[in-house]
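> Residue 41 is where the sequence shown starts when you use the working numbering, and the numbers rise one by one after that.
Using N, Cα and C, we set each Cβ at its ideal position, and we do this for glycine too.
It should be emphasised that the depicted structure is a prediction, and the values quoted were computed from it without experimental measurement.
This is the structure I want to talk about, given as structure tokens.
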Amino acid sequence: MADPFQTGQPDMKRAESIVFGKLLKLGLLPYRAAGGIRVNTGKGSRLALQTVLPARDIPDGEVIFSVPYFQPTPELFLLCVESAEDESPAIWVFPSISFLVYAEPDVGQGPISLSLDSARTDSFAESLREYVSFFRNRWEPIVQFDYLRQYMPPVDDPGFQRSWEDFEDILMLMEFSENRRSDSETSIPFEPPDPDPEYGNPLIELTAAAKEQLESFPADDREGVEEAIRSLADNPRPSGSIGLTGGLGRYRIRRTP
């Protein structure tokens with residue numbers, strides 16, 4: 041039978057060291073205490089962070105995090121480290137309430153197990169890993185706890201369900217924004233048509249100042265401006281050069297007579 045709890049003590053020490061170093065890089069001041077790591081927020085909240093490793097000897101490579109029964113609170117987080125052998129492993133930052141919600145139902149307050157690879161037949165996601173991907177390497181609930189605490193009430197709060205739905209929506213928006221930024225950075229940058237004579241007369245000509253300004257735009261803004269410039273290519277006889285005016289989020293494209 042598989043060991044329902046942690047791997048060996050050396051692995052746990054490595055995992056805690058990885059978590060400790062990550063918290064320091066995030067500008068926090070963690071300290072060790074009985075049962076895990078502690079972090080104090082700017083407004084005086086004391087967060088308890090428990091490092092968890094996958095259970096051992098699980099068939100088919102399924103990643104399962106198991107912990108003894110606990111009482112969930114907004115200040116308790118379970119940091120599920122997928123592998124202590126990797127220098128930069130995936131760390132699932134689960135508020136304890138979220139861990140309990142997505143874990144398998146406990147029987148008689150026994151071990152609580154959360155399988156990242158369990159199937160999700162109630163959604164578009166094939167597995168829990170995909171369904172709650174916004175918890176992966178997501179440290180904002182700890183770093184920004186003082187702000188996000190308003191969306192993280194205890195389970196007996198009258199607005200518990202609605203608040204936690206809003207909380208997850210916030211994390212999903214963070215993930216979406218990061219993915220969009222990453223896609224923009226890896227996409228092929230816009231290049232004005234080559235003015236070399238062998239290519240004929242270009243449909244669009246950017247001034248040197250416009251080219252320099254375009255390259256300095258934030259990635260998200262640059263994509264919109266480039267699309268606007270491309271739209272001018274429909275006119276086979278543009279008059280003069282293209283100039284750019286405006287500021288963040290409000291750029292305008294104009295033709296220079």
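Rounding to the nearest angstrom, what Cα-Cα distance links Leu66 and Leu156 in this structure?
In the sequence shown, counting from the first residue as 1, residue 66 sits at position 26. In the sequence shown, counting from the first residue as 1, residue 156 sits at position 116. Taking the straight line from one Cα to the other gives about 26 Å.
> From this set, Pro108, Ser163 and Leu93, which residue's C-alpha is nearest Val133's C-alpha?
Position 93 of the sequence shown, counted from the start, is the residue given in the question as residue 133. When only C-alpha atoms are compared, the closest one is Leu93.
> Given a cut-off of 8 Å on the beta-carbon distance, is the pair Leu140 and Leu119 in contact?
Numbered from 1 along the sequence shown, position 100 holds the residue referred to as residue 140. Numbered from 1 along the sequence shown, position 79 holds the residue referred to as residue 119. Taking 8 Å as the Cβ cut-off, Leu140 and Leu119 do not qualify as a contacting pair.
> Give me whichever residues DSSP pairs with Val121 in a beta bridge.
Counting from one through the sequence shown, the residue named residue 121 turns up at place 81. Partner(s): Ile131.
> Please report the distance separating the alpha-carbon of Arg176 from that of Ile131.
What you label residue 176 is simply residue 136 of the sequence shown in a count that begins at 1. What you label residue 131 is simply residue 91 of the sequence shown in a count that begins at 1. Approximately 6 Å between the Cα atoms of the pair.
> What are the complete beta strand (DSSP E) segments, minimum 3 residues, inside the stretch 146–196?
Whole beta strand (DSSP E) segments, 3+ residues: 152–155.
> Quick check on DSSP: helix, strand or coil for Thr249?
Translated into the one-based positions of the sequence shown, residue 249 becomes position 209. A small correction: the amino acid at residue 249 is Ala; Thr does not occupy that position in the sequence shown. In this structure, Ala249 counts as helix in the three-state DSSP scheme.
> Closer than 8 Å by C-beta to Arg220: which residues in its own chain qualify, once you throw out the five before and the five after it? Chain order, please.
Here the question's residue 220 lines up with position 180 in the sequence shown. So the list reads Asp260, once near-sequence residues are dropped.
> Name the two residues that bound the continuous beta strand (DSSP E) containing Arg86.
To locate residue 86, count along the sequence shown from 1; it is residue 46. Where Arg86 is concerned, the enclosing beta strand (DSSP E) stretches over Arg86 to Val92.
> Suppose you measure from the CA of Thr113 to the CA of Tyr71; what does that come to, to the nearest Å?
For the purposes of this step, residue 113 is identified with residue 73 of the sequence shown, where counting begins at 1. For the purposes of this step, residue 71 is identified with residue 31 of the sequence shown, where counting begins at 1. Taking the straight line from one Cα to the other gives about 20 Å.
> Less than 8 Å separating the beta-carbons of Thr91 and Val59?
The count along the sequence shown starts at 1 and reaches residue 91 at position 51. The count along the sequence shown starts at 1 and reaches residue 59 at position 19. Cβ distance < 8 Å, so Thr91 and Val59 count as in contact.
> Buried or exposed for Pro258, please, with buried defined as at least 16 other CB atoms from any protein chain shown within 10 angstroms of its CB.
By 1-based counting over the sequence shown, the position of residue 258 is 218. By the neighbour-count rule (16 or more Cβ atoms within 10 Å), Pro258 is not buried but exposed.
> In terms of DSSP beta bridges, what is Arg78 paired with?
Residue mapping note: residue 78 aligns to position 38 of the sequence shown, counting from 1. Answer is Tyr71 and Ala88.
> Are the CB atoms of Tyr171 and Arg178 nearer to each other than 8 Å?
Position 131 of the sequence shown, counting from 1, holds the residue named residue 171. Position 138 of the sequence shown, counting from 1, holds the residue named residue 178. Cβ distance not < 8 Å, so Tyr171 and Arg178 don't count as in contact.
> What residue does the beta strand (DSSP E) around Val107 start on, and which one ends it?
Here residue 107 is taken as the residue at index 67 of the sequence shown, counted from 1. Val107 -> beta strand (DSSP E) spans Ile104 to Val107.
> Is the stretch 191–201 touching the stretch 94–109 in the sense that three or more CB pairs, one from each, lie closer than 8 Å?
Verdict: no, contact absent.
> Nearest-angstrom Cα distance between Met52 and Val121?
Sequence index remark: in the sequence shown, residue 52 carries index 12 (1-based). Sequence index remark: in the sequence shown, residue 121 carries index 81 (1-based). Rounded to the nearest angstrom, the two C-alpha atoms are 9 Å apart.
> Rounded to a whole number of angstroms, what is the C-alpha to C-alpha distance between Val265 and Tyr191?
On the sequence shown, residue 265 is found 225 positions in, with the first residue counted as 1. On the sequence shown, residue 191 is found 151 positions in, with the first residue counted as 1. Using only the alpha carbons, I get a separation of about 36 Å.
> What three-state label does DSSP hand Leu66 in the structure shown?
Here residue 66 refers to the residue found at position 26 when the sequence shown is read from its first residue. Leu66: coil per DSSP, three-state reduction.
> What span of residues does the alpha helix (DSSP H) with Ile137 cover, start to end?
In the sequence shown, residue 137 corresponds to position 97, counting from 1. Ile137 -> alpha helix (DSSP H) spans Ser136 to Tyr142.
> In angstroms with no decimal places, state the Cα-to-Cα distance between Phe207 and Glu166.
Position 167 of the sequence shown, counted from the first residue, corresponds to residue 207. Position 126 of the sequence shown, counted from the first residue, corresponds to residue 166. Approximately 22 Å, taken between the alpha carbons.
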